[in-house]
Amino acid sequence: MVKMKNMNIKAPIFFSILFLMMLISLVFTNGSVYASSLQVVGSDNGLEIIPHDSNLYSELNLGPGDYKEANLTVSNTYNTSFELMLQVSRLDEEPPVGSPDLFKQLMLSVTFKGEEIYNGSMIDFATDPNGIQFGTFEPDQSEDIQILVHLPGKDTGNEFMGISHNNQWKFTAISDEELVEIPDEEVPIGGAIIPDINKPDKEILDEEVPLGGAKLPKTGSMALTSLFSIIGIALVGTGAVGAYKSRNKK
Numbered sequence: 045m046v047k048m049k050n051m052n053i054k055a056p057i058f059f060s061i062l063f064l065m066m067l068i069s070l071v072f073t074n075g076s077v078y079a080s081s082l083q084v085v086g087s088d089n090g091l092e093i094i095p096h097d098s099n100l101y102s103e104l105n106l107g108p109g110d111y112k113e114a115n116l117t118v119s120n121t122y123n124t125s126f127e128l129m130l131q132v133s134r135l136d137e138e139p140p141v142g143s144p145d146l147f148k149q150l151m152l153s154v155t156f157k158g159e160e161i162y163n164g165s166m167i168d169f170a171t172d173p174n175g176i177q178f179g180t181f182e183p184d185q186s187e188d189i190q191i192l193v194h195l196p197g198k199d200t201g202n203e204f205m206g207i208s209h210n211n212q213w214k215f216t217a218i219s220d221e222e223l224v225e226i227p228d229e230e231v232p233i234g235g236a237i238i239p240d241i242n243k244p245d246k247e248i249l250d251e252e253v254p255l256g257g258a259k260l261p262k263t264g265s266m267a268l269t270s271l272f273s274i275i276g277i278a279l280v281g282t283g284a285v286g287a288y289k290s291r292n293k294k
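In this text, residue positions in the sequence shown follow our numbering: the first is 45, and each later residue adds one.
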């Protein structure tokens with residue numbers, strides 16, 4: 045293990061989760077609403093995200109004209125601010141040209157702080173490398189996010205019957221703050237150490253070097269960039285979303 049003593053470091057703190065926009069694999073009526081909350085928590089290893097229920101992480105079945113709504117609360121219980129963004133990506137293979145594609149058919153609406161910040165097709169949102177930017181979350185700040193998924197009835201014909209689609213929803217928070225005096229036992233494992241090769245090696249006298257790593261060189265005014273890995277995330281996985289179901293017209 046690398047031994048670190050009382051150093052000032054600049055660390056972009058990064059976390060992400062695979063947020064699967066899945067409800068429960070049942071036949072729902074129009075307008076189903078589910079609530080969930082995601083809590084961002086500071087820990088010795090950076091930032092952790094804690095879900096408070098699993099209603100959003102199951103399979104979603106939609107028929108033409110159906111929509112599903114999910115309300116999220118994101119809370120920052122970390123001791124510094126972070127920038128939050130949301131991205132969506134395809135997990136399954138893209139259908140052949142001319143074949144029905146639910147990823148292109150599904151519509152998405154995102155409302156933040158009571159204002160609709162996106163309304164359009166899911167694939168257009170997914171192809172935007174910037175995703176949706178939610179801005180800065182200060183310590184102790186909580187905000188509600190409403191996500192609405194809709195399968196248009198007019199433009200969804202029988203060719204979509206039995207079609208399914210897998211996608212991945214990813215929240216990312218980035219913080220760049222100075223951390224001071226990290227005790228030895230709190231140093232994350234797995235960071236790379238890049239010494240200055242232009243400086244001659246110095247002999248280390250009468251000092252025990254711990255097994256599994258080397259003593260970190262002094263950086264002076266140069267910042268050390270480290271990637272903090274996230275622990276305790278139980279939402280990594282995949283699921284089917286948007287499975288088209290047939291409905292008998294009355």
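Even for Gly, the Cβ is constructed at its ideal location relative to N, Cα and C. As the structure is a computational prediction, the values presented were derived from the model and not from experiment.
Which residue comes first and which comes last in the beta strand (DSSP E) that contains Leu296? What is shown of the chain runs 45 to 294, which leaves residue 296 out entirely.
Decide yes or no for the touch test of the region 109 to 126 against the region 201 to 219: beta carbon pairs closer than 8 Å, at least 3 of them. Touching, per the Cβ criterion.
What does DSSP give as the partner residues of Tyr122 in its beta bridges? If you number the sequence shown from 1, residue 122 lands on position 78. For Tyr122, no pairing in a beta bridge is given by DSSP.
I need the DSSP call for Asp168, collapsed to helix, strand or coil. Stepping through the sequence shown from its first residue, residue 168 is reached at position 124. Note: Asp168 maps to helix in three-state DSSP.
For Phe156 versus Val132, is the C-beta spacing smaller than 7 Å? Numbered from 1 along the sequence shown, position 112 holds the residue referred to as residue 156. Numbered from 1 along the sequence shown, position 88 holds the residue referred to as residue 132. It is not a contact, given that the beta carbons lie outside the stated cut-off.
For Ile207, tell me which candidate among Glu137, Phe178, Asn115 has the shortest Cα-Cα distance. In the sequence shown, counting from the first residue as 1, residue 207 sits at position 163. Minimum Cα distance to Ile207 is reached at Glu137.
Hey, how far is the Cα of Gln190 from the Cα of Leu130? The residue given as residue 190 occupies position 146 in the sequence shown. The residue given as residue 130 occupies position 86 in the sequence shown. Approximately 12 Å, taken between the alpha carbons.
Is the beta carbon of Leu106 closer than 7 Å to that of Leu195? As a first step, residue 195 is located in the sequence shown; it is residue number 151 there, counting from the start. As a first step, residue 106 is located in the sequence shown; it is residue number 62 there, counting from the start. In contact: Leu195 and Leu106 (Cβ atoms closer than 7 Å).
Hey, how far is the Cα of Gln185 from the Cα of Gly179? Here the question's residue 185 lines up with position 141 in the sequence shown. Here the question's residue 179 lines up with position 135 in the sequence shown. A direct Cα-Cα distance of roughly 12 Å separates Gln185 from Gly179.
Rounded separation between Glu182 and Asn120 - CA only: In the sequence shown, the residue the question calls residue 182 occupies position 138. In the sequence shown, the residue the question calls residue 120 occupies position 76. Straight-line Cα distance between these residues: approximately 7 Å.
Pull up the DSSP beta-bridge partners for Gly179, would you. Position 135 of the sequence shown holds residue 179. The secondary-structure analysis by DSSP pairs Gly179 across a beta bridge with Leu128.
With DSSP as the reference, identify every bridge partner of Ser133, one or two as the case may be. As a first step, residue 133 must be located in the sequence shown, where it is residue number 89. When DSSP reads this structure, Ser133 sits in a beta bridge with Gln212.
Quick one: residues in its chain with C-beta nearer than 8 Å to the C-beta of Asn174, no 5 flanking neighbours on either side, listed in chain order? Here the question's residue 174 lines up with position 130 in the sequence shown. So the list reads Met129, once near-sequence residues are dropped.
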